[in-house]
Amino acid sequence: MDFDGILQLVEKDRQRFKEWLEESGNLTLEELNAGYNKWLEHYNTTYAKYKDLEADNDAKNISLLAAKLMYFNDLTNFAMHALTIYTTRLKEEYDALKNKSRLNIKKNQKKEKRKHDN
Numbered sequence: 024m025d026f027d028g029i030l031q032l033v034e035k036d037r038q039r040f041k042e043w044l045e046e047s048g049n050l051t052l053e054e055l056n057a058g059y060n061k062w063l064e065h066y067n068t069t070y071a072k073y074k075d076l077e078a079d080n081d082a083k084n085i086s087l088l089a090a091k092l093m094y095f096n097d098l099t100n101f102a103m104h105a106l107t108i109y110t111t112r113l114k115e116e117y118d119a120l121k122n123k124s125r126l127n128i129k130k131n132q133k134k135e136k137r138k139h140d141n
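Sequential numbering from 24 applies to the sequence shown in my numbering.
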């Protein structure tokens, strides 16, 4: 794998993440969690595969190192962004459930009060 090969991987994964990001608004909480785990696993396997990749001379090694670091940074950002989307949705669903529970408690309290008043 050389500099151009790494750049092709970068573009491919950027496109994949863009597509996932567009779909993320319609995904369930479980699907968002699975998406985050998928990106994290992709980062881990890609890092393990390419971390020790070296070129045949120092000048190419510097370019290759820069491309690898950019790629690893992108993958980290993808995983973190996926985690942010997941945790934001988790908080929204938690807040909605908490508010629904509060409304039910208030309704039950009103019913109990009516029973005692009658």
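Glycine included, C-beta positions come from ideal geometry on N, C-alpha and C. Model, not experiment: these values are computed from the prediction.
What is the C-beta distance between residue i and residue j, in whole angstroms, given that I count them as a contact (C-beta under 8 Å)?
i	j	result
Y94	L32	6 Å
K91	Y73	6 Å
A102	L63	5 Å
H65	L98	7 Å
Between the C-alpha atoms of residue i and residue j, what's the straight-line distance to the nearest angstrom?
i	j	result
A25	N96	What sits at residue 25 in the sequence shown is Asp, not Ala. Their backbone Cα atoms lie some 18 Å apart in a straight line.
D75	K121	49 Å
L55	T68	20 Å
D81	A89	12 Å
K123	H104	29 Å
D36	I108	18 Å
E42	G48	11 Å
Q132	E34	58 Å
N127	K134	11 Å
E116	L52	9 Å
So, for residue i: in the same chain, excluding its five sequence neighbours on each side, which residues have a beta-carbon less than 7 Å away from its beta-carbon?
i	result
D140	none
L106	Y59
D30	Reading the sequence as shown, one finds Leu at residue 30 and not Asp. So the qualifying residues of the chain are A90.
Starting from the C-beta of residue i, find all residues in its chain whose C-beta is less than 8 Å away, skip the five residues before and the five after it, and write them out in chain order.
i	result
E77	N84, L87
L50	G58
Once you ignore the five residues that flank residue i on each side, which residues in its own chain have a CB closer than 6 Å to its CB?
i	result
D118	none
T111	none
F40	F101
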